[in-house]
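Everything below concerns the one structure shown next.
Numbering (our numbering), first residue to last: 6 to 124.
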(Lines of atoms letter the chains of each structure in order from A; the text may use other names.)
(Lines give C-alpha, C1' and ligand atoms only; values in the text may rest on other atoms or scores of the structure.)
Protein backbone atom coordinates (compact mmCIF):
# COMPACT_ATOMS: atom_id res chain seq x y z
CA UNK A 6 0.00 0.00 0.00
CA UNK A 7 1.48 3.33 -1.07
CA UNK A 8 1.99 5.94 1.64
CA UNK A 9 1.26 9.64 1.11
CA UNK A 10 2.23 12.52 3.40
CA UNK A 11 -0.09 15.54 3.23
CA UNK A 12 1.38 18.80 4.53
CA UNK A 13 -1.04 21.70 4.94
CA UNK A 14 -2.03 24.08 7.73
CA UNK A 15 -5.74 23.89 6.83
CA UNK A 16 -7.09 21.01 8.97
CA UNK A 17 -10.39 20.59 7.13
CA UNK A 18 -8.77 20.47 3.71
CA UNK A 19 -6.10 18.09 4.97
CA UNK A 20 -8.67 15.76 6.53
CA UNK A 21 -10.80 15.76 3.38
CA UNK A 22 -7.83 14.95 1.15
CA UNK A 23 -6.56 12.24 3.50
CA UNK A 24 -9.98 10.59 3.70
CA UNK A 25 -10.37 10.71 -0.08
CA UNK A 26 -6.95 9.14 -0.69
CA UNK A 27 -7.64 6.45 1.91
CA UNK A 28 -10.83 5.49 0.03
CA UNK A 29 -8.56 4.98 -2.99
CA UNK A 30 -6.43 2.52 -1.03
CA UNK A 31 -3.55 4.76 0.03
CA UNK A 32 -2.14 5.09 3.53
CA UNK A 33 -1.96 8.75 4.59
CA UNK A 34 -0.26 10.79 7.28
CA UNK A 35 -0.70 14.52 7.82
CA UNK A 36 1.40 17.39 9.10
CA UNK A 37 0.39 21.00 9.74
CA UNK A 38 3.72 22.58 8.77
CA UNK A 39 7.12 21.88 7.32
CA UNK A 40 8.78 21.13 10.67
CA UNK A 41 6.27 18.40 11.51
CA UNK A 42 6.54 17.03 7.98
CA UNK A 43 10.33 16.93 8.09
CA UNK A 44 10.21 14.89 11.31
CA UNK A 45 7.81 12.44 9.67
CA UNK A 46 9.89 12.16 6.48
CA UNK A 47 12.97 11.41 8.57
CA UNK A 48 11.12 8.72 10.55
CA UNK A 49 8.98 7.08 7.84
CA UNK A 50 9.19 6.14 4.18
CA UNK A 51 6.66 7.90 1.93
CA UNK A 52 5.91 7.29 -1.72
CA UNK A 53 4.55 10.81 -2.38
CA UNK A 54 4.44 14.10 -0.47
CA UNK A 55 1.64 16.58 -1.19
CA UNK A 56 2.44 19.96 0.34
CA UNK A 57 1.12 23.47 0.62
CA UNK A 58 3.57 26.34 0.15
CA UNK A 59 2.32 28.88 2.66
CA UNK A 60 2.34 27.55 6.22
CA UNK A 61 3.36 28.93 9.60
CA UNK A 62 6.83 28.14 10.89
CA UNK A 63 8.76 26.18 8.29
CA UNK A 64 6.95 26.89 5.04
CA UNK A 65 6.75 24.70 1.97
CA UNK A 66 9.80 26.15 0.23
CA UNK A 67 12.04 25.53 3.26
CA UNK A 68 10.61 22.03 3.71
CA UNK A 69 11.20 21.27 0.03
CA UNK A 70 14.83 22.38 0.27
CA UNK A 71 15.46 20.16 3.32
CA UNK A 72 13.75 17.13 1.80
CA UNK A 73 15.67 17.50 -1.45
CA UNK A 74 18.96 17.27 0.48
CA UNK A 75 17.89 14.11 2.31
CA UNK A 76 15.63 12.34 -0.20
CA UNK A 77 16.22 13.76 -3.67
CA UNK A 78 14.04 11.16 -5.43
CA UNK A 79 10.91 11.57 -3.28
CA UNK A 80 8.01 12.70 -5.53
CA UNK A 81 6.58 16.01 -4.31
CA UNK A 82 3.35 17.68 -5.37
CA UNK A 83 2.78 21.35 -4.51
CA UNK A 84 -0.78 22.36 -3.61
CA UNK A 85 -1.44 26.08 -3.61
CA UNK A 86 -4.23 28.60 -3.69
CA UNK A 87 -1.96 31.18 -5.29
CA UNK A 88 -2.60 31.43 -9.00
CA UNK A 89 0.39 33.70 -9.66
CA UNK A 90 2.78 30.73 -9.68
CA UNK A 91 2.31 29.95 -13.35
CA UNK A 92 5.18 30.08 -15.79
CA UNK A 93 7.56 28.58 -13.25
CA UNK A 94 7.54 25.03 -14.59
CA UNK A 95 11.31 24.99 -15.01
CA UNK A 96 11.85 26.26 -11.45
CA UNK A 97 9.52 23.58 -10.07
CA UNK A 98 11.17 20.87 -12.15
CA UNK A 99 14.65 21.85 -10.90
CA UNK A 100 13.33 21.68 -7.34
CA UNK A 101 12.07 18.16 -7.97
CA UNK A 102 8.39 19.06 -7.89
CA UNK A 103 6.43 16.57 -9.98
CA UNK A 104 3.19 18.58 -10.17
CA UNK A 105 1.60 21.84 -9.04
CA UNK A 106 -2.11 21.67 -8.22
CA UNK A 107 -4.28 24.71 -7.61
CA UNK A 108 -6.68 24.84 -4.67
CA UNK A 109 -9.46 24.09 -4.31
CA UNK A 110 -8.28 20.66 -5.43
CA UNK A 111 -10.21 18.65 -7.98
CA UNK A 112 -10.24 15.22 -6.32
CA UNK A 113 -10.52 13.36 -9.63
CA UNK A 114 -7.37 15.13 -10.83
CA UNK A 115 -5.63 14.33 -7.52
CA UNK A 116 -6.50 10.65 -7.94
CA UNK A 117 -5.19 10.58 -11.52
CA UNK A 118 -2.00 12.45 -10.63
CA UNK A 119 -1.18 10.19 -7.65
CA UNK A 120 -1.87 7.09 -9.74
CA UNK A 121 0.51 8.35 -12.45
CA UNK A 122 3.24 9.19 -9.94
CA UNK A 123 3.08 5.72 -8.44
CA UNK A 124 2.80 3.82 -11.74
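Even for Gly, the Cβ is constructed at its ideal location relative to N, Cα and C.
Since we're looking at a predicted model, the values are computed, not measured.
Reduced DSSP secondary structure (H/G/I, E/B, other) of residue 2: No statement about residue 2 is possible, as the shown extent of the chain runs from 6 to 124 and does not include it.
Under 7 Å between C-beta atoms of residue 39 and residue 6: On the chain shown, position 34 is the one that residue 39 refers to. On the chain shown, position 1 is the one that residue 6 refers to. 7 Å or more divides the Cβ of residue 39 from the Cβ of residue 6.
Helix, strand or coil at residue 10 [DSSP, three-state]: Taking the first residue of the chain shown as position 1, residue 10 is located at position 5. Note: residue 10 maps to strand in three-state DSSP.
Same chain, Cβ closer than 7 Å to residue 29, neighbours up to 5 away in sequence not counted: By 1-based counting over the chain shown, the position of residue 29 is 24. So the list reads 116, once near-sequence residues are dropped.
Beta-carbon proximity check, residue 31 vs residue 9, cutoff 7 Å: Numbered from 1 along the chain shown, position 26 holds the residue referred to as residue 31. Numbered from 1 along the chain shown, position 4 holds the residue referred to as residue 9. Closer than 7 Å, so yes.
Beta carbon of residue 83 nearer than 7 Å to that of residue 105: For this step, residue 83 is matched to residue 78 along the chain shown. For this step, residue 105 is matched to residue 100 along the chain shown. Yes, the Cβ-Cβ distance between residue 83 and residue 105 is below 7 Å.
Distance between beta carbons of residue 56 and residue 42, contact taken as under 8 Å: For the purposes of this step, residue 42 is taken as the residue at position 37 of the chain shown. For the purposes of this step, residue 56 is taken as the residue at position 51 of the chain shown. Correct: roughly 7 Å between the Cβ atoms.
Boundaries (first-last residue) of the alpha helix (DSSP H) holding residue 118: Within the chain shown, numbered from 1, the residue matching residue 118 stands at position 113. Where residue 118 is concerned, the enclosing alpha helix (DSSP H) starts and stops at 112 to 123.
Contact under 7 Å by Cβ, residue 122 with residue 108: Here residue 122 refers to the residue found at position 117 when the chain shown is read from its first residue. Here residue 108 refers to the residue found at position 103 when the chain shown is read from its first residue. Cβ atoms of residue 122 and residue 108: not closer than 7 Å.
Cut-off 6 Å between Cβ atoms - residues of its own chain near residue 25, not counting five sequence neighbours on either side: Taking the first residue of the chain shown as position 1, residue 25 is located at position 20. Only 112 meet the Cβ criterion.
DSSP state of residue 79 mapped onto helix, strand, coil: In the chain shown, counting from the first residue as 1, residue 79 sits at position 74. In the structure shown, residue 79 sits in coil (DSSP, three-state: anything other than H, G, I, E or B).
Beta-carbon spacing of residue 53, residue 80 below 7 Å: Residue numbering aside, residue 53 sits at position 48 when the chain shown is read from its first letter. Residue numbering aside, residue 80 sits at position 75 when the chain shown is read from its first letter. The criterion of a C-beta distance shorter than 7 Å is satisfied by residue 53 and residue 80.
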